[in-house]
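These notes are about the structure you will find just below.
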Amino acid sequence: MSETNEHSRLILPSELSSSTSTTEVTLSWSNLYVETRDSGSSCWSSISSSCFRRHKKKQEKSRIILQDVTGNARTGQILAIMGTSGVGKTTLMNALSGHLGDNLVVPSGNVYLNGFPTTDTERRKSGHIGYAEQQEFFIDTMSLEEHLIFQAMLRLPSELTDDERRSRVKNTIAQLHLNKCMKNTINQLSGGEKKRLALASVFLTEPSVLLIDEPTSGLDSYLAMHIMRTIHSMAFEQRKTVIVVIHQPTSSMFDLCDIIFLLVKGGRQAFY
Numbered sequence: 001m002s003e004t005n006e007h008s009r010l011i012l013p014s015e016l017s018s019s020t021s022t023t024e025v026t027l028s029w030s031n032l033y034v035e036t037r038d039s040g041s042s043c044w045s046s047i048s049s050s051c052f053r054r055h056k057k058k059q060e061k062s063r064i065i066l067q068d069v070t071g072n073a074r075t076g077q078i079l080a081i082m083g084t085s086g087v088g089k090t091t092l093m094n095a096l097s098g099h100l101g102d103n104l105v106v107p108s109g110n111v112y113l114n115g116f117p118t119t120d121t122e123r124r125k126s127g128h129i130g131y132a133e134q135q136e137f138f139i140d141t142m143s144l145e146e147h148l149i150f151q152a153m154l155r156l157p158s159e160l161t162d163d164e165r166r167s168r169v170k171n172t173i174a175q176l177h178l179n180k181c182m183k184n185t186i187n188q189l190s191g192g193e194k195k196r197l198a199l200a201s202v203f204l205t206e207p208s209v210l211l212i213d214e215p216t217s218g219l220d221s222y223l224a225m226h227i228m229r230t231i232h233s234m235a236f237e238q239r240k241t242v243i244v245v246i247h248q249p250t251s252s253m254f255d256l257c258d259i260i261f262l263l264v265k266g267g268r269q270a271f272y
């Protein structure tokens, strides 16, 4: 895949320092297939009857989720993945981030960082990719600020001081306009505030590549546009590589996206 050959090389976590958050990283994928197997078949694995063996074989038949998809997300741009429900948008995000479930396999295709082919484990551990999934899990009794401080303790480089971590938390809260509710416990937050908190948890680590699954779902038009403008700022001004899944975007949101990647029924790529 010649278009993935960037001049930049892949920088490993051991080479990164707290001052290298502006490292530019492209994310691309070539001829990617994802298939699933029926996990329910495992309960029959110890039964030797030929009748049940035939049943098991039928259950384990592979089902294609994505087939032969290719794309390239570049620094400073937003690539928007679109398509109706069930066409494989979230599966593609999971594959790119290296977080496919145990029941999913990739029989062929590659995912690249700066043109270098990578494994799922390498992408998860690279330190370059931040993934905001559609469903986030919080400890409801924590305040918004406490949650981010806890995330900072877990996810930021160990060489950062406590003051530097708190400064990163403060800046992230301000960036997503969460100051007014920072002392509220998570069970007191609105749906929109929880959505922004999920994004804040990812923005906090300042990754070079942002994967964001449906950041505007459940938000009113004002908040949805605010979130998209914030994401656009991250891509353009901070030189991030951004991939978002967007469901039913308005024309204003559409205008903020640089590249459209359309999936259709059967996990096929219709437009890119």
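Residue numbers (UniProt numbering): 1 to 272. Beta carbons: idealized from backbone N, C-alpha and C, even for Gly. A quick note: this is a predicted structure, and the numbers were derived from the prediction, not measured.
On the criterion of 16 or more Cβ atoms from any shown chain inside 10 Å, does residue i qualify as buried, or is it exposed?
i	result
Ser201	buried
Leu228	Here residue 228 turns out to be Met, not Leu, going by the sequence shown. Under this definition Met228 is a buried residue.
Tyr222	exposed
Leu154	exposed
Pro207	buried
Asn72	buried
Thr75	buried
Phe203	buried
Glu6	Residue placement at Glu6 is poorly supported in this model, since its pLDDT is 41, which falls under 50; the coordinates still yield a value, given next. That one is buried.
Ser252	exposed
Ser158	exposed
Here's a check: name, in chain order, each residue in its chain whose Cβ is nearer than 7 Å to the Cβ of residue i, leaving out the five neighbours to either side.
i	result
Ile260	Ala80, Met82 and Phe271
Ile231	Ile78, Ile212, Pro215, Val242 and Val244
Gly109	Trp29, Ser30, Asn31, Leu32 and Tyr33
Val87	Leu263, Val264, Lys265 and Gly267
Report the CB separation of residue i from residue j in whole angstroms; it is logged as a contact under 8 Å.
i	j	result
His147	Ile186	6 Å
Leu263	Lys61	That pair is no contact at about 22 Å.
Gln77	Ala224	With 8 Å as the limit, Gln77 and Ala224 do not qualify as a contact, their Cβ atoms being about 20 Å apart.
Thr84	Arg63	About 18 Å separates the two Cβ atoms, so there is no contact after all.
Val106	Ala95	7 Å
Leu144	Leu189	7 Å
Could you spell out the range, first to last residue, of the alpha helix (DSSP H) harbouring residue i?
i	result
Gly191	Gly191 to Phe203
Asn94	Lys89 to Ser97
Asp163	Asp162 to Gln175
Leu148	Leu144 to Arg155
Met228	Ser221 to Phe236
Arg123	Asp120 to Lys125
Taking the beta strand (DSSP E) that residue i belongs to, which residues open and close that run?
i	result
Glu35	Leu27 to Thr36
Thr70	Arg63 to Ala73
Considering only residues of the same chain and omitting the five flanking positions on each side of residue i, which have a CB-CB separation below 6 Å?
i	result
residue 279	What is shown of the chain runs 1 to 272, which leaves residue 279 out entirely.
residue 322	The first residue shown for the chain is 1 and the last is 272, placing residue 322 beyond what the model contains.
Met1	Residue confidence is low: Met1 scores 41 on pLDDT, short of 50, so the model does not pin down where it sits. Its coordinate-derived value is still stated next. Closer than 6 Å at the Cβ level, and outside the excluded window around Met1, lie Ser30.
Glu193	Cys181
I'd like the list of long-range same chain contacts for residue i, defined as Cβ closer than 8 Å, with 5 residues on each side in sequence excluded.
i	result
Arg166	Ile149 and Ala152
Met182	Ser143, Leu144, Glu145 and Ile173
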